[in-house]
Structure formats: C-alpha cells, structure tokens
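Residue numbers (our numbering), protein chains in the order written: chain A, -18 to 243; chain B, 2 to 119. Notes follow once the structure below has been shown.
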C-alpha cells in the first residue's frame, strides 16, 4: 500500500485514539454480558436458547426428583432391615413408618377414585362472552375444591399427576395458578390432570357429585362438564411418596419446649 | 500507519479485558449500544478521512454525542415502554454498513489503480 501523505494523515492518529476508547467500551460490554450470563446461568438471551435452557432444566429437575424417590425407597429398606435386629429397633421402625405415612413420605396403595380433569378439548366458540371463557379451562381453584372435598369425605392420600410429573399432596402443599399453568409443590403442571385419591370409593364419588356440591352445576354451559371432568371408582390405585425437597421445610417451626432451638 | 486504529482498538480491548473492571448488569444493554455508536463514529471518521473531509471537531463531538444520545434514547425508551433501543440499533447499524461499503470501495479502487501503474 502506498504511504499516505503525512499532511493528510493526521486524522489516522485521532481515529486511533478513539479506537482505543472504543476497544475499552467493547471489552467492558463483553465482560458485562459474560458476567450476566455466568451469574444467571442462562447461556443466551435469545428466545430459542432460553427455550432450550428451560427444557434442559426441566429434564434435570425430573431426574433429580426421580433420584429423591429412589433414595427415599433405599432409606426405607435400610430402616426396615435395621428394624429386624432388636425389639427396640423394631418398635422404633414401626413408629417411624407410621409417622412417614402421616407425612406422606412413603408410597401407599388401596382403593379409591380417580378424577380426570382437562381443559375443554375443542376450540372455544367465537361467540362465547368473555365472562364464560374461563369456564373452558381447568383452574387452580377447581383442583383445590376437589382435593378439599375428597379430604372432607375420608380420603387418606392424594396425588395429582399431569403428563410429566406426579405430585403427592402433603401438609405444606400449595396448589396455585402461575399464569398459563399451575404449580403444585412448586412444580409446574398443566392440563390434563389426574387426581388419585385413596379412600372409600362410593363415599368419595358421592361427595363430589352431591346436590349443591362442587361438581353440581359446575361449568353450566351445555356439554362442558362431561368433557372436562370424569370420575372413576378404582379397586386399586397407587399414590406415590412426596418427591420434593424436605430440607427446606420447617425452617421456622420447631417442636414446642424442645431443647432444639432454631 | 493504516493499521494504527486497529492496533489502538486491540490495545484498548486488552487493557480493560484483563483489568478487574465490572459494570453493573443493569447497564449491559446500554453499554453494548454505546459501543455500537462508538463503532459508527470510528467508521464514519475513517470514511471522512479517506474522502479528505476529516474535521477533528466533528469527529470527536460525533463520537461523544452519538454515544450519549444512543444511551439516552434507549434509557428514555425503557422508561416510557417503547423500544427506542431498536431505533438506535437500526439507524446506527445501517450507517456502519453504509460507511464500511464506501471504505471498501475506496480501497478496492486504490488497489486496482496501483496495479495499473506497476
């Protein structure tokens, strides 16, 4: 390249000077973006990347929940093996099993009912008034009402499942709406749901269907209720153990007057 | 001589990159926009230089004002809920491409000329 005329090349120095500043800006921007990414654990801000990250996390969570279930089952086996050693250990093990049953930490089986709930499978008719549009969707309150009614009629264990996960209802379970989906035990769930309850099948079914009960006049629009809810009596159902984290439960509450102060 | 701006860019980059300087994450997008505006000013300066129209005051003030204006616009956009950020990116990005194409044309012409002479 031919050398530039020195008179005319003064601008190059000035451009160089600001290039230096630009380089600094560039480095700072890059470092900031990197630190944002590494601190949030999200690899990118683009939608496709975020969707993938979400799926990966969901898959990871599912694996971890499965692991919890496996480990709990193992602990159970060890406890039962210990329980055979002495009478004292046996009594303690029996007591422990009972407490675990109360807490929902072991899987249980028995007869009961299954309640299938799903969003209306067809399209919402275009002329539906806005006030009735919510009727075509299963809401958190529907599930809460049914769970409440089931417990009121002698249910001993309930789990709720969707396509991905099955969640045991325990004392601290919250069933809530988070925008487009539900959270049960802080796990995202979506329609269709199956509520599995162990208890007296006939009483449970009658309780749900009783006049002025929660499913009486539920979704008054013609043909909705029959598509969105189905109740089946079952001779044998399995309700799995609670698979969530238990170490973050009881951070604030401790036994009264015990020496173990929190 | 021609490569000096590039060397300056790399030097500045290295200086900050290996120093322990961090900017709050909330400013990340503003900083990126400021960088883009700065790039536009530099490319614009180079173009003016090779066209013999370079003026120091226009160059320096352009760099400062464009950078600050872009950030200010993005900030106001965020406050009022309009993506003015995008307006800045589109306008500045377009200008960078335009100026780069002019610079490219200039160098290609020079190379063609020097080949003819030799």
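Don't be surprised by glycine CBs; every beta carbon is placed ideally from N, CA and C. Since the structure is predicted, the reported quantities are computational estimates derived from the model, not experimental observations.
- For the pair residue 96 of chain A and residue 137 of chain A, the Cα-to-Cα distance works out to about 15 Å.
- Annotated as distal: residue -7 of chain A and residue 97 of chain B, with beta-carbon spacing of 9 Å or more.
- Among the residues of chain B, those whose CB is under 9 Å from the CB of residue 12 of chain A are 17, 18, 22, 23 and 24, following chain order.
- For residue 142 of chain A, the three-state secondary structure derived from DSSP is strand.
- For residue 71 of chain A, no beta strand (DSSP E) segment is defined; the enclosing uninterrupted segment is the alpha helix (DSSP H) at 68 to 84.
- A distance below 7 Å between beta-carbons, with the five flanking residues on each side excluded, links residue 38 of chain B to the following residues of its chain, in chain order: 67, 68, 71 and 93.
- When rounded, the separation of the alpha-carbon atoms in residue 199 of chain A and residue 113 of chain A is 12 Å.
- Only residues of its own chain outside the window of five on either side were considered, and among them 60, 61, 63 and 64 have a CB closer than 8 Å to the CB of residue 74 of chain A, listed in chain order.
- For residue -7 of chain A, the closest Cβ of chain B is nearer than 9 Å.
- Partner residues in the beta bridge of residue 169 of chain A, as assigned by DSSP, are A:164.
- For the pair of segments examined, the region 178 to 186 of chain A was found to touch the region 204 to 217 of chain A: the number of CB pairs separated by less than 8 Å reaches three.
- With contact defined as three or more Cβ pairs closer than 8 Å, the region 47 to 61 of chain B and the region 31 to 49 of chain A are not in contact.
- In the three-state reduction of the DSSP assignment, residue 156 of chain A falls in the strand class.
- The three-state reading of DSSP puts residue 184 of chain A in helix, counting H, G and I together.
- Within the region 19 to 47 of chain A, the residues whose Cβ lies closer than 8 Å to any Cβ of chain B are, in chain order, 20.
- Within 8 Å of the CB of residue 170 of chain A, no CB atom of chain B is found; the nearest one sits about 32 Å away.
- The beta-carbon of residue 43 of chain B is placed less than 9 Å from the nearest beta-carbon of chain A.
- It is roughly 22 Å from the alpha-carbon of residue 27 of chain B to the alpha-carbon of residue 40 of chain B.
- Where residue 81 of chain B is concerned, there is no enclosing beta strand (DSSP E), although the alpha helix (DSSP H) around it starts and stops at 57 to 81.
- For residue 90 of chain B, the enclosing alpha helix (DSSP H) stretches over residues 85 to 118.
- With fewer than 16 other Cβ atoms inside 10 Å of its own Cβ, residue 114 of chain B counts as exposed.
- Within chain A, -4 have C-beta atoms less than 7 Å from the C-beta of residue 47 of chain B, given in sequence order.
- Spanning the alpha carbons of residue 32 of chain B and residue 30 of chain A requires a straight line of approximately 22 Å.
- In this structure, residue 166 of chain A places its C-beta atom within 9 Å of the C-beta atom of residue 149 of chain A.
- At a cut-off of 9 Å between beta carbons, residue 33 of chain B contacts chain A.
- Proximity of chain A to residue 11 of chain B at the Cβ level (cut-off 8 Å) is accounted for by 4, in chain order.
- Residues of chain B whose Cβ lies closer than 9 Å to the Cβ of residue 16 of chain A are, in chain order, 23, 24, 26 and 29.
- Residue nearest to residue 43 of chain A within the set A:170, A:202 and A:209 is A:170 (criterion: CA-CA distance).
- Cβ neighbours of residue 88 of chain A within its own chain (closer than 6 Å, five residues either side excluded): 221 and 222.
- Per DSSP, reduced to three states, the secondary structure at residue 191 of chain A is coil, with no helix or strand assignment.
- Residue 237 of chain A: not part of any alpha helix (DSSP H); DSSP gives it neither H nor E.
- Contact annotation: residue 29 of chain B and residue 2 of chain A have beta-carbon atoms that are not nearer than 9 Å.
- Secondary structure note for residue 119 of chain A: it is in no alpha helix (DSSP H), with a DSSP letter that is neither H nor E.
- Secondary structure of residue 209 of chain A (DSSP, three-state): helix.
- By the C-beta density criterion, residue 12 of chain A is buried, having at least 16 other C-beta atoms within 10 angstroms.
- Taking a C-beta distance under 9 Å as the contact criterion, residue 47 of chain B and residue 104 of chain B qualify as a contact pair.
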